[in-house]
Structure formats: structure tokens, C-alpha cells
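The opening position of the sequence shown corresponds to residue 50 in my numbering, with each subsequent residue numbered one higher.
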Amino acid sequence: MKAANSWLLIAVVNVLLPIGIVIFAKGFFPYKPVFPGLAVFDASAETLPAPFNKVVFMVVDALRSDFVFSESSAFHFTQSLIASGSAIPFTAHATSPTITMPRVKALTTGSIPSFLDVILNFAESDTSSTLANQDNWLAQIKQRGGNIIMYGDDTWLKLFPGVFGRSDGTSSFFVSDFTEVDNNVTRHIDDELVKNDWDGMVMHYLGLDHIGHKAGPRSPYMLPKQREMDGIVRKIYTAIESQPHLESTLFVLAGDHGMNDAGNHGGSAPGETSPALLLMSPKFGKSFPGGVECPTLPKEGEFDFYTTVEQSDVVPTLAGLLGFPVPKNNLGVFIPSLLELWDAGDRVELMLRNSQQLLAIVRAAYPDFGSKGVLDDCSAASADVDELACWWGKALASNKHWLDSGVDHAVTLGLLYKFSTRCQDFLSVAASNYNLNWMSAGIAVTFSALMLSVFSFVPLLESSKLANVFFPAITLAYGIMMFASSYVEEEHHFWYWVASGWFIAIYIKGHRKVGTLPSLGVLILLRVARRWNQTGQKHAGASDISKDFLQKHPDVLWMLVIATYSIVFFRLSTRAFRWAGREVAFILSFATMASALGFKFAFAAQDTPELIPVDLIPVVKLMEDIPLLNLAQATFGAAFFGVVYTIFFELRHSTPYNDLMSLNAAVVFKDLLTVFLLTQTRLVNVPLLFLFQIVAWLLTAMRHLSATELTLSTLILSHFSFFAFGGANAISSVDLSNAYNGVSGYNVVAVALLTFTSNWIGPIYWSCVGVILLAKRRILDEKVYLRHAAVLSTFHCVAVVFVMVACTVLRTHLFIWTVFSPKFLYSMAWVVGGHLLVNLGLGGAMAGAGKRSLVF
Numbered sequence: 050m051k052a053a054n055s056w057l058l059i060a061v062v063n064v065l066l067p068i069g070i071v072i073f074a075k076g077f078f079p080y081k082p083v084f085p086g087l088a089v090f091d092a093s094a095e096t097l098p099a100p101f102n103k104v105v106f107m108v109v110d111a112l113r114s115d116f117v118f119s120e121s122s123a124f125h126f127t128q129s130l131i132a133s134g135s136a137i138p139f140t141a142h143a144t145s146p147t148i149t150m151p152r153v154k155a156l157t158t159g160s161i162p163s164f165l166d167v168i169l170n171f172a173e174s175d176t177s178s179t180l181a182n183q184d185n186w187l188a189q190i191k192q193r194g195g196n197i198i199m200y201g202d203d204t205w206l207k208l209f210p211g212v213f214g215r216s217d218g219t220s221s222f223f224v225s226d227f228t229e230v231d232n233n234v235t236r237h238i239d240d241e242l243v244k245n246d247w248d249g250m251v252m253h254y255l256g257l258d259h260i261g262h263k264a265g266p267r268s269p270y271m272l273p274k275q276r277e278m279d280g281i282v283r284k285i286y287t288a289i290e291s292q293p294h295l296e297s298t299l300f301v302l303a304g305d306h307g308m309n310d311a312g313n314h315g316g317s318a319p320g321e322t323s324p325a326l327l328l329m330s331p332k333f334g335k336s337f338p339g340g341v342e343c344p345t346l347p348k349e350g351e352f353d354f355y356t357t358v359e360q361s362d363v364v365p366t367l368a369g370l371l372g373f374p375v376p377k378n379n380l381g382v383f384i385p386s387l388l389e390l391w392d393a394g395d396r397v398e399l400m401l402r403n404s405q406q407l408l409a410i411v412r413a414a415y416p417d418f419g420s421k422g423v424l425d426d427c428s429a430a431s432a433d434v435d436e437l438a439c440w441w442g443k444a445l446a447s448n449k450h451w452l453d454s455g456v457d458h459a460v461t462l463g464l465l466y467k468f469s470t471r472c473q474d475f476l477s478v479a480a481s482n483y484n485l486n487w488m489s490a491g492i493a494v495t496f497s498a499l500m501l502s503v504f505s506f507v508p509l510l511e512s513s514k515l516a517n518v519f520f521p522a523i524t525l526a527y528g529i530m531m532f533a534s535s536y537v538e539e540e541h542h543f544w545y546w547v548a549s550g551w552f553i554a555i556y557i558k559g560h561r562k563v564g565t566l567p568s569l570g571v572l573i574l575l576r577v578a579r580r581w582n583q584t585g586q587k588h589a590g591a592s593d594i595s596k597d598f599l600q601k602h603p604d605v606l607w608m609l610v611i612a613t614y615s616i617v618f619f620r621l622s623t624r625a626f627r628w629a630g631r632e633v634a635f636i637l638s639f640a641t642m643a644s645a646l647g648f649k650f651a652f653a654a655q656d657t658p659e660l661i662p663v664d665l666i667p668v669v670k671l672m673e674d675i676p677l678l679n680l681a682q683a684t685f686g687a688a689f690f691g692v693v694y695t696i697f698f699e700l701r702h703s704t705p706y707n708d709l710m711s712l713n714a715a716v717v718f719k720d721l722l723t724v725f726l727l728t729q730t731r732l733v734n735v736p737l738l739f740l741f742q743i744v745a746w747l748l749t750a751m752r753h754l755s756a757t758e759l760t761l762s763t764l765i766l767s768h769f770s771f772f773a774f775g776g777a778n779a780i781s782s783v784d785l786s787n788a789y790n791g792v793s794g795y796n797v798v799a800v801a802l803l804t805f806t807s808n809w810i811g812p813i814y815w816s817c818v819g820v821i822l823l824a825k826r827r828i829l830d831e832k833v834y835l836r837h838a839a840v841l842s843t844f845h846c847v848a849v850v851f852v853m854v855a856c857t858v859l860r861t862h863l864f865i866w867t868v869f870s871p872k873f874l875y876s877m878a879w880v881v882g883g884h885l886l887v888n889l890g891l892g893g894a895m896a897g898a899g900k901r902s903l904v905f
């Protein structure tokens, strides 16, 4: 097959691949159907007394339960309210995905959001996720003429357009800011508390979540932020106590989600799904005298404090406390302990209305509901829907007995609560509204791309038996692994084993040839790298080099950091800006690396000051007046200038016969890219790039490797390094700490690029190294880069096809939304970002720059 035909096939493959992904996603992530319109009371229904007529709804992003209830908490005033009975505490279970937008939807509508909200949560300009046409407690307050105001996370403005009489939104993604993002909320509180023209005030504080993303839950900034939030609670509660127009105000303090030990969220780990929830009012102190012990210890799990309720239970509870109908799409159940605020008859009526609202959803989903009648033992029903019908029949019979006799209201309450909770359980785990036609079409398109990629790849096979056996073996094994949830969660082990096996095989294959000893060096370095960051689910909190050694020995950390930057500086000073002269090249290289290292110093001083050794404090003080924004922009600008200079002064003077010149341009591009990658890397992970540069140097010494073996080596190292840097197949592993370097505000393109780079440091590095390693082979074989692209395309086609099939076959699996769906999202990122943009886009550009090169 001619090379031109192979390139055409590869082009078609990489057009079909993203098309297939989009088609499959359309069927896999549909919006769930909802009832339109707002709920209203039955005209004949009795009006029940409402204890409150106003609500202050304060959300503290990522407010994990132990941040409020444990002995290590700084919420001392809030804890005193719990102990006195004026605050009723709960742990609110937040279902996955544990990110802001779907959690706000659950807290306002009571429904279970679609997993598609994971994507929409990061698309800040998106407006398709609005709740303007879906029933919620804010709309209920507006329906009866109330006025609502909002300050904080602008997710609320996107979800509820036109709802707020006054508002001031802040971007939830600017995670570098711990202070202003919260001060922008607090500055409105004093003015609003003296006004009497609002019925609901929503506040969403972001600083605590930002601290978690930047430095984790044990950051030195965490307790001061907790004290700040506790001060806000004191201010609002004191106003409710003292100001007559706030006498009947319910104060709700809620976390939208928690965070894991790394400070991230999005998955289903206990820390992520256990936010705090408190309902506060001086009225509670009279109805619930004495309160409960606080601070206290968790009951079973590490974050299991007090009674655990579902986050959606907030919605029907607010409906009863404020006196409006339960929103139509609610799956929550009234919190039983709060029924003590009403007399016996009103308690039954409240639970009956909640049950009837849930019954409407069940009847809409299952028109034959109740056709089998009431069984003696409801739990013996053959189907869940029959069990629900049984409990409903028993509840109706008991309610009739209560109305007729006026006795046994507790039995009726118990049956209504049982029916409601079973409805909640059943409807929450019911199968999503998948579109199997779209999903099948997506699989078919991607499978077609796979067949074409194999067809383009086979004619390009080399004589390397090792690569020809190892590549299909690991590709097939990787695909089969996608059907097991535990293997998806612990995927890093697969790549760690594969990397070790591959370099052992390389050593065995060429043990009599020159250049085999470096493979042993690679094995040793990879053994160190795999211990750098513990990842996955089972051992995420286990000891590793970054947490348990480098953070305890910052002097060693900074020695490695400075060594890493020094190597890059040496390479730039000897290779870059050569047409400007040696002295100018040295100055420009020094300026580039000085700004990059200066940014790292300043960033660490603000982000993780505990990692600044005493000897380096004077260096930090020299730069404390320079804004991080300017330092980052200077670094990016210097690297960009180097790229432009190389294109116009290095490549313009290179020719197809000037191999060293074109090679030098490619290597300079890689080194300048390394400057960018270092800037986007967490401080404790910077030495990993130092280690990988040594691995790359060792690979150049393995001259016995064929081109395909080099391609396979860099493919394996790309995935290995993704996990070594702390990556995982969980939304909670997404690192946002460097997403705003050099950005003064939210810009979807810039933030997306910076976020992707921060999380794909290793794969980007190895993609570029792989192209340079292949440069020499292009003299001997013009098909080298063609074969390289075909191998990578084939692997990604196989991986995506297996992930799609696994998601389709296991769509009713218990872990479909916590394991398999995130894996599909990561597969999308690997294909679109890692393969199309980096492997083919950036790699292709470097291959053009480094054509006919001779040395690395």
C-alpha cells in the first residue's frame, strides 16, 4: 500500500473516532424527562401551619461533615448552637457525581441530576442546563410573590435565570482565589440583613473548596477559612435572634459535596459524598431543648456524623417548613425528626403529601402500578414496583383507620415514611433514559474506524516480533479490563505491570547487544516513579514519596526542583536562540527559566508555604510584591517568544539536508514545552519530570530498538506517567490547582487548555519525546512516522470501542455512574486531547520540524 493511501486511511480513522464518541455520548448522556410546570396545592387541601416565612440558604462549597462536627473543626459557634438545640445537624449523602452543578440541582429540585451535568459543570458559558422550566423551591417562593436574592457562585445564576431580584455572582473555577471570592459574598450581608424586601437569600461560598483543590483538607489555610465561615454563621444567626423582621427565618447551612484526601471531588469516596447539613433557628431551641453532643466522633465511617439523610431530602423538608407544595420532580423524603414541630394530624398530612408527590412519579414511570394489589408481606413482592404498590396500599388503609378512629397515627406515619423511602431508593437507581440506537450507532462508527486503522497498520508492520506480539496483547488485555469496575478504578497497576514487563522483555531480547543495560536503569527509575503518588481508589491515601517524604523534607524537594529547572536551562542555553549569538542566547534562556522558577517560588509561598525552607524565605520575599499573574504571563510569554524565534530563525535556515538544524528546532520546541509543563505541574511532582528526562536519555542509548518498539515504549510511558503524576479514572482526580496560571478571569478556552495540560503532563511530554526518538529512523525508513501514527490510532480505537461496549453492556450496573461513566469521559479526553491534539497535532508539527534528524 502506498504511503499516501495509508495517510488517507489514518486521516479517515481520526475523523470517525471523535464522531463515534459524540454519537455514543448523545445516547449515553441524555437528559432525564421531568414534569413541567410548578406544583400547586389541591383546592380542597387543608392549609397547614408553616413555622417559617423566610429562608437563608448558605452553601459552603466542599463543606465536608467533619469540617463542622469533629473536634478538629473551627466552627465553634456553630457547634454551640448544635449543643443547645438551636441547630439540628445531619450528614447529607450526596450521590455521585459530587460536583457543584448536579449537587445544587439536588438541593433545589430534589431530583437526581443527569451525569451529563459533569460536562456542563465545566462549561461555564453553557445555558442548556437551566432549571427555568423545572419545579424547585426557589420557583415556589417566587410563585407566591416572594423575592429571592443571591450572592456567590454564579452557577446559581446559570441554573435560575431571572429568578433573583438582586445578585452578584463569582466564578466557581478561579481556584487560585481563597479570599476575594468569599469577600464578594460577605460584603453584601450587613446591608441585606436589615432589609425586609426578600423572602429567600442564597449565599454560596467558594473559598474552602478552592483551598481543598490547591492544598488539600489539611492545608494551613483550612482552619482560618472555617473560622471565617463560622463568623458568617454567627453574624446571620445573631441577626435572626435580634431583628423582628427575621424572627421567622430558617437558616440552612449546607455543603454541596465534600472532598477526598487530595482536596478534590467528583467521585464516590466517603469524604466526597458526606457534606454537612444544618437547619438553624432560635425556634428549634424551644422544640428540641438540650440538643446533642458537639463536637463529637463519627458513628461508623470516618465522616458519618449524626443522622444521615439524602441531600434531596432538603427539598420536601423546606416545603413543609416554609409552607409551599413539594416540587413535582422531587425524590426526597421529609426529614422525620422535624415533624415534631407539628401536631399529630399535621404530621400525617405532611408525609401524605410527600408520598402522593412521589407516587405521581412512580405512576408516570409505571402505568400498571398497583395492578397486583396488597400483599401480606410487601418485601416478598416479585418486583420493586409491586413492593411499592403494597406499601402504598398498607399506608392508605392505615391512614383511613387514623382518620376514622384518631388513633395509631404513628403507625400511619411509619408506613408513609416506608413507602416514601422505598420510592426514593427505587427511583434513584432506576435505569437512565438511554438511547440504545444512538449508542449502537456510536459503537458502529468507532468500530469502523478501528477496522480502517488495522487495515492501515498491518502493511506497515516491521520485523520486530516483540512489538508485533506485545502490542496486540496489551491492547486486547486493556480492552477486556474495561468490563471490570475494580480494574478500571485501579488501572494504574495495569500500566505499571506492562511497563515493567516491556522493559524486561527489551533487556532479554537484546542482552547481548550494546545498549541493553539502560533498560535496567529505566526499570529502576520507573520503580521510583510508581511510588511518587498513590492513586486509584483502594490505596489513594497510602504513603508515597510526594506526601510522606518530600513534604516532610522540603530541602530535598527544592534541590530536586532546582536541578530540574537547571537541566532545562542548560539545554536551552546551548540549543535555543543560536542565531542571536552565544551571549544573547544565554541571557534569553536565563530570563525564561528565571521567570519560570520565580513563579514556582511565589506560587509555593502562597499555595503551600509549609514547603518553603527557611533558607529560601529571602528569595520568596524578593518576589512577594510581583503578582503571580504577571510571573506566569512572563513565563508563558518567554516560552512563546522562543517558539516564534525558533520558527523564524532556526527553521528558515534548515533544509532537508541540514539534519542537525532541523533536529535542533524540534528539540528546542520540546524544551520550551517542558518549561510550560513545569509551570503547570504541582510542586511535589516537578522532580518527576527530572526523572523522566533521565529515562528519555536512557532510551536514546537503546539503539537496538526498532521504530515500532520506540513507539510502543512511549505509548506505555505516556499512560504510566499519567498515573505516576496522580491521575486516575475519577472526576475527583482532576487537578484544578494550575487551571488559572496567567489567566485573570474565566476564559473557557484558556482554562480548558491549562486544565488539560495540568492533568496530562506526562503523556504530553512522552508524546514529544517519542517523535524526537523516531527522528533518526526517518532517514532509514520513510514510513516511520506513518507507522507511529497508525499504532497510536489503532490503540485508541480499540480502547474506546471496548469502553463503549462496556458502558452499554453494564448500563444497569451499580457502578455505572461512579466508575464506567467517568472512564468514558476520560476516554474522550485521551482521544480528543491526548491523541488528536497532542499525538497527531503537536507531534506532527514536531515531526515536521525534526525531519531527517540524526541525534536526540
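The beta-carbon is built from N, C-alpha and C at its ideal position, and this holds for glycine as well.
In this text the structure is predicted, and so the values were computed from the model without any measurement.
Residue 345: not part of any beta strand (DSSP E); DSSP gives it neither H nor E. When the beta-carbon positions are compared, residue 534 and residue 316 stay at least 9 Å from each other. Residues of the same chain with a CB within less than 6 Å of the CB of residue 447, apart from the 5 flanking positions on each side, are 460, 461, 464 in chain order.
When the beta-carbon positions are compared, residue 836 and residue 757 come within less than 9 Å of each other. Its chain contains 580, 581, 582, 583 as the residues whose beta carbon lies nearer than 7 Å to that of residue 593, once the 5 sequence neighbours on both sides are disregarded; these appear in chain order. Beta bridge pairing from DSSP links residue 299 with 104.
The DSSP-derived three-state label of residue 202 is strand. Under the DSSP assignment, residue 217 falls in the beta strand (DSSP E) whose first and last residues are 213-219. A buried status is given to residue 720, since no fewer than 16 other beta-carbon atoms sit within 10 Å of its beta-carbon. Separation of residue 585 and residue 318 (C-alpha to C-alpha, rounded to the nearest whole angstrom) is 11 Å. Judged by beta-carbon spacing, residue 376 lies within the 9 Å limit of residue 364, meaning their Cβ atoms are closer than that value. Out of 729, 507, 752, the CA that lies nearest to the CA of residue 784 is found in 729. Where residue 287 is concerned, there is no enclosing beta strand (DSSP E), although the alpha helix (DSSP H) around it starts and stops at 271-291. For the set 267, 333, 341, the Cα lying nearest the Cα of residue 311 is the one of 267. In the structure shown, residue 179 adopts coil according to DSSP, grouped into three states.
Residue burial is scored here from C-beta neighbours: residue 228 has fewer than 16 other C-beta atoms within 10 angstroms and is therefore classed as exposed. Proximity to residue 112 across 55, 844, 731, 352 peaks at 352, based on C-alpha coordinates.
The straight-line gap separating the alpha-carbon atoms of residue 140 and residue 298 is approximately 22 Å. In the DSSP annotation of this structure, the continuous segment of the beta strand (DSSP E) that includes residue 138 starts and ends at 136-142.
DSSP, read as helix, strand or coil, puts residue 250 in strand.
Taking residue 807 as the centre and dropping the five residues before and after it, the same chain places the C-beta of 729, 784, 787 closer than 6 Å to its C-beta, in chain order. When C-beta atoms of the stretch 90-100 are compared with those of the stretch 278-291, fewer than three pairs fall below 8 Å, so the two segments do not count as touching.
For residue 229, the enclosing alpha helix (DSSP H) starts and ends at 229-235. By the beta-carbon neighbour count (other beta carbons within 10 angstroms, threshold 16), residue 557 is exposed.
Residue 693 and residue 307 have their C-alpha atoms roughly 44 Å apart. Of all alpha-carbon atoms in 853, 718, 616, 574, the one lying nearest the alpha-carbon of residue 891 is that of 718.
Here DSSP, grouped into helix, strand and coil, assigns residue 488 to helix. Between residue 324 and residue 305, the CB-CB gap stays under 9 Å. For the pair residue 249 and residue 195, the CB atoms are nearer than the 9 Å cut-off. The criterion of a C-beta distance shorter than 9 Å is not satisfied by residue 58 and residue 519. Where residue 861 is concerned, there is no enclosing beta strand (DSSP E), because DSSP gives it neither an H nor an E. DSSP, read as helix, strand or coil, puts residue 610 in helix. A buried status is given to residue 761, since no fewer than 16 other beta-carbon atoms sit within 10 Å of its beta-carbon. The beta-carbon distance between residue 736 and residue 610, rounded to whole angstroms, is 7 Å. This is short enough to meet the 8 Å contact definition. The C-alpha of residue 219 lies about 9 Å from the C-alpha of residue 254. Nearest to residue 638 by C-alpha distance, out of 621, 654, 645, is 621.
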